[in-house]
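Student: Once you've had a glance at the structure underneath, I'll fire off some questions.
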Ligand SMILES: Cc1cc2nc3c(=O)[nH]c(=O)nc-3n(C[C@H](O)[C@H](O)[C@H](O)COP(=O)(O)O)c2cc1C
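Numbering (full-length UniProt numbering), first residue to last: 1 to 274.
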């Protein structure tokens, strides 16, 4: 069960921790006393850490066995909105990768920051499978191509705009229309028992896509690989996720071999105001 540790000499009793708690389970019992959990609070705490994060004097800490003890300094300067906007506009799906590997440490740095993505009830249940070995990526891609062949033979659910036969021919010629010759494959996955498990994993994938370019790394969501991973037994077996877990979304990852000089055009914004 989580614990609230409050340093009395630092606490100003301002009540910010009480106000920010999403479950309203932190209280300042009476003037002069320190913030604490309500009677049933500790058992209901989702360990979101907002009480700790909002405390201006650093008087309060949430402690729970599941928490990584690492702490991070606050940002020194905020990102200018125009810089962030430009960064987001310039993120691209990368489909041409350099063959050299991205070091494990770089991928781990990225996944480490993705832990700060939101999850339902702050469950943080997203786990990662990193296929770092490029030969293994190719082997798994071969299994996804087998799935494509099954689509061709069994009547595809992919629809007419995907040239499945052409993709299979392309693979036979030594190209990779599925994983785009990415050196690595990264798959967030989660326990499907939890109602937000799928969304949590997809949000994690989106965060990885956003964080990667800042580290010089390119990504692309692997839609074909994902469809195969969800339904093709040989690929599911090869991925060997724990029972009850499903892949959130497959992400192709490597150093980009293409550079972009400007953002592409987008559809017009479509907003309904009420
Ligand atoms: C759910 C999803 C699945 C995708 N699957 C693939 C894929 O299998 N192969 C591919 O080359 N791109 C794939 N993409 C990338 C999209 O084609 C790409 O996001 C879109 O063309 C816009 O380009 P941008 O990401 O560079 O802005 C996928 C994107 C999403 C959101």
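Every residue, glycine too, gets a C-beta built ideally from N, C-alpha and C.
Whole-angstrom Cβ separation of residue 284 and residue 191, contact assumed at under 8 Å?
Tutor: Residue 284 lies beyond the residue range present for the chain, which begins at 1 and ends at 274; the question has no answer from this structure.
Student: Tell me, please, which residues DSSP counts as bridged to residue 5.
Tutor: Start at 1 with the first residue of the chain shown, and residue 5 comes out as number 5. 61.
Student: Between the C-alpha atoms of residue 179 and residue 77, what's the straight-line distance to the nearest angstrom?
Tutor: As a working note, residue 179 is residue 179 in the chain shown. As a working note, residue 77 is residue 77 in the chain shown. If I take the Cα positions, the gap works out to 38 Å.
Student: Taking 8 Å as the cut-off, decide whether the C-beta atoms of residue 23 and residue 45 are in contact.
Tutor: Within the chain shown, the letter at position 23 stands for residue 23. Within the chain shown, the letter at position 45 stands for residue 45. Yes, they are a contact pair.
Student: What number of angstroms, rounded off, separates the C-alpha of residue 277 from the C-alpha of residue 121?
Tutor: For the chain, the structure presents residues 1 to 274; residue 277 sits outside this window and is missing.
Student: So residue 57 packs on residue 17, CB below 8 Å; how close in whole Å?
Tutor: Position 57 of the chain shown, counting from 1, holds the residue named residue 57. Position 17 of the chain shown, counting from 1, holds the residue named residue 17. The distance from the Cβ of residue 57 to that of residue 17 is about 11 Å, inconsistent with a contact at the 8 Å cut-off.
Student: Using only CA atoms, which one of 8, 173, 203 and 97 lies nearest to residue 184?
Tutor: As a first step, residue 184 must be located in the chain shown, where it is residue number 184. If we check each option's Cα against that of residue 184, 97 comes out closest.
Student: Quick check on the DSSP output: the beta strand (DSSP E) that includes residue 131 runs from which residue to which?
Tutor: What you label residue 131 is simply residue 131 of the chain shown in a count that begins at 1. It spans 127-131 - the beta strand (DSSP E) in which residue 131 sits, taken as one unbroken run.
Student: My guess is that residue 229 and residue 201 are in contact by the Cβ rule of under 8 Å, so how many angstroms apart are they, rounded?
Tutor: Numbered from its first residue, the chain shown carries residue 229 at position 229. Numbered from its first residue, the chain shown carries residue 201 at position 201. Not really, about 12 Å apart at Cβ, beyond 8 Å.
Student: DSSP three-state call for residue 235: helix, strand or coil?
Tutor: Within the chain shown, numbered from 1, the residue matching residue 235 stands at position 235. Helix.
Student: Whole angstroms is fine: what's the gap from residue 62's alpha carbon to residue 105's?
Tutor: The residue given as residue 62 occupies position 62 in the chain shown. The residue given as residue 105 occupies position 105 in the chain shown. The alpha-carbon atoms of residue 62 and residue 105 are separated by roughly 28 Å.
Student: For the alpha helix (DSSP H) that residue 134 lies in, which residues bound it at each end?
Tutor: Here residue 134 corresponds to residue number 134 of the chain shown, with the count starting at 1. Boundaries of the alpha helix (DSSP H) harbouring residue 134: 134-154, taken from the DSSP string.
Student: Is residue 235 a contact residue of ligand 1, with contact defined as CB to any heavy atom under 7 Å?
Tutor: In the chain shown, the residue the question calls residue 235 occupies position 235. Residue 235 Cβ: outside cutoff for every heavy atom of ligand 1.
Student: Taking 7 Å as the cut-off, is the CB of residue 262 close to at least one heavy atom of ligand 1?
Tutor: Locating residue 262 in the chain shown gives position 262, counting from the first residue. Incorrect: residue 262 has no Cβ contact closer than 7 Å to ligand 1.
Student: Just curious, the beta strand (DSSP E) that residue 94 is in, first and last residue?
Tutor: The residue labelled residue 94 in the question sits at position 94 within the chain shown. Residue 94 -> no beta strand (DSSP E), and no H or E assigned at all.
Student: Can you tell me whether residue 189 is buried or exposed? The criterion is at least 16 other CB atoms within 10 Å of its CB, across all chains shown.
Tutor: One-based indexing of the chain shown puts residue 189 at position 189. Buried, because 16 or more other Cβ atoms sit within 10 Å of the Cβ of residue 189.
Student: Is the beta carbon of residue 135 less than 8 Å from the beta carbon of residue 207?
Tutor: As a position in the chain shown, residue 135 is number 135, starting the count at 1. As a position in the chain shown, residue 207 is number 207, starting the count at 1. No. Outside cutoff.
Student: Give the secondary structure of residue 189 by DSSP, where H, G and I count as helix, E and B as strand, and everything else as coil.
Tutor: For this step, residue 189 is matched to residue 189 along the chain shown. DSSP places residue 189 in strand when its eight states are reduced to three.
Student: Using 8 Å for Cβ pairs, my map puts residue 252 next to residue 182. What's the rounded Cβ distance?
Tutor: Residue numbering aside, residue 252 sits at position 252 when the chain shown is read from its first letter. Residue numbering aside, residue 182 sits at position 182 when the chain shown is read from its first letter. Yes, they are in contact, since the Cβ atoms of residue 252 and residue 182 sit about 4 Å apart, within 8 Å.
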